[in-house]
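Residue numbers (the numbering used here): 1 to 264. Backbone N, C-alpha and C define an ideal beta-carbon position, used for all residues, glycine too. Here the structure is laid out as structure tokens; the discussion comes afterwards.
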Amino acid sequence: MKIAIIGTGNLGSSIAKGLIKNKSFTSLYLSDKNTAAVQAFYKEDYVTITSDNAEAVKKSDVVIFALQPRHIEAVMESVAKCIKKHHVIMSVAAGFEISKIESLIGADKNIIRVMPNTAISIGKSMTCLAANDKGEEKIELAKKIFNQLGATMVIPEEQIQAATVICASGIAFWMRLIRATTQGAIQLGFEAEEAHELAVQTCFGSASLLLESGKHPEQEIDRVTTPSGCTIEGLNAMEHQGLSSALIQGIVASFEKINHLKNS
Ligand SMILES: NC(=O)c1ccc[n+]([C@@H]2O[C@H](COP(=O)([O-])OP(=O)(O)OC[C@H]3O[C@@H](n4cnc5c(N)ncnc54)[C@H](OP(=O)(O)O)[C@@H]3O)[C@@H](O)[C@H]2O)c1
Numbered sequence: 001m002k003i004a005i006i007g008t009g010n011l012g013s014s015i016a017k018g019l020i021k022n023k024s025f026t027s028l029y030l031s032d033k034n035t036a037a038v039q040a041f042y043k044e045d046y047v048t049i050t051s052d053n054a055e056a057v058k059k060s061d062v063v064i065f066a067l068q069p070r071h072i073e074a075v076m077e078s079v080a081k082c083i084k085k086h087h088v089i090m091s092v093a094a095g096f097e098i099s100k101i102e103s104l105i106g107a108d109k110n111i112i113r114v115m116p117n118t119a120i121s122i123g124k125s126m127t128c129l130a131a132n133d134k135g136e137e138k139i140e141l142a143k144k145i146f147n148q149l150g151a152t153m154v155i156p157e158e159q160i161q162a163a164t165v166i167c168a169s170g171i172a173f174w175m176r177l178i179r180a181t182t183q184g185a186i187q188l189g190f191e192a193e194e195a196h197e198l199a200v201q202t203c204f205g206s207a208s209l210l211l212e213s214g215k216h217p218e219q220e221i222d223r224v225t226t227p228s229g230c231t232i233e234g235l236n237a238m239e240h241q242g243l244s245s246a247l248i249q250g251i252v253a254s255f256e257k258i259n260h261l262k263n264s
């Protein structure tokens, strides 16, 4: 697989790191205005670092545009004539819709929108994928690439905004829950570092339990809530303060904001 990444900032270089780790390409072009962030990849086999976006596109079959929304239109326009029917064009730019990409490079091209989160830097991203009609033929290829960097889910493009809230903003929501647990643990007498480790490992264990058992969260809650015990006492106190409601309201507020930004 001949892959190019156009824009090697935070996300582009994380994707590059994952691809290099998994050795999942026959050639990898890393193209950026300023190649300083990816100098370390110079010595990797079959990796070419360049500032020539058009060259990167011409020499590749899969092109991942990892650019800021304010840059992507101009860059895509500048390489549009190099994009042929065999190319698979992927874009991570938030809010940059498939119809817009089609207007720049043609609806007859394979186009896939990709919405990862920052955990992609450690190969643990939940990445959502949405394709245009032509791109649906290549969705398995996109899954193959991004499954190496975490997990993937194929969704309709209309759900990309919602996925951004749950998965990309979701990282911040979970971090805040972990921080609150840490604050509680310190109040119960643990040192800050101990409190942090207890909170993070318990969060990790909870997610792993669900992933590995395939169970519903409430089944795991039932296993640790003795009738009249301390866990149900704590859980119900949290719910009286609106824990679930606060989370749901936050998610909905975030979704309303992202839709407002899109339409303004
Ligand atoms: N970070 C995330 O967790 C995340 C999650 C989901 C989606 N996204 C989306 O991913 C995209 C990239 O985010 P990021 O955080 O990786 O941004 P970033 O760090 O700013 O990376 C973008 C890179 O593109 C380079 N660039 C700008 N113009 C270029 C050009 N003409 N040719 C080649 N390279 C060019 C930039 O160089 P300069 O810095 O010199 O301008 C920068 O190195 C955004 O659209 C964002 O919405 C990010």
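Cβ-Cβ distance between residue i and residue j below 9 Å
i           : j           : result
residue 203 : residue 243 : no
residue 165 : residue 142 : no
residue 93  : residue 116 : no
residue 73  : residue 100 : yes
residue 154 : residue 119 : no
residue 83  : residue 98  : no
residue 15  : residue 56  : no
residue 62  : residue 88  : yes
residue 123 : residue 18  : yes
residue 134 : residue 107 : yes
residue 159 : residue 128 : yes
Residue of the options minimising C-alpha distance to residue i
i           : options          : result
residue 6   : 31, 78, 93, 211  : 31
residue 121 : 76, 90, 168      : 168
residue 150 : 104, 125, 187    : 125
residue 46  : 35, 29, 145      : 29
residue 198 : 182, 219, 51, 22 : 182
Residues of its chain near residue i, where Cβ-Cβ distance is below 7 Å and the 5 sequence neighbours each way are ignored
i          : result
residue 80 : 104, 105
Cβ neighbours of residue i in the same chain (closer than 8 Å, five flanking residues each side left out)
i           : result
residue 156 : 130
residue 25  : 1, 2, 3, 19, 46
Contact with chain B by residue i, beta-carbon distance below 9 Å
i           : result
residue 220 : Considering every chain present, this structure includes no chain B. It has just one protein chain.
Cβ distance (whole Å) where residue i is taken to contact residue j below 8 Å
i           : j           : result
residue 195 : residue 255 : About 32 Å; that fails the 8 Å criterion.
residue 220 : residue 210 : 7 Å
residue 102 : residue 132 : 6 Å
Bridge partner(s) assigned by DSSP for residue i
i           : result
residue 127 : 152
residue 48  : 29
residue 65  : 6, 91
residue 224 : DSSP lists no partner for residue 224.
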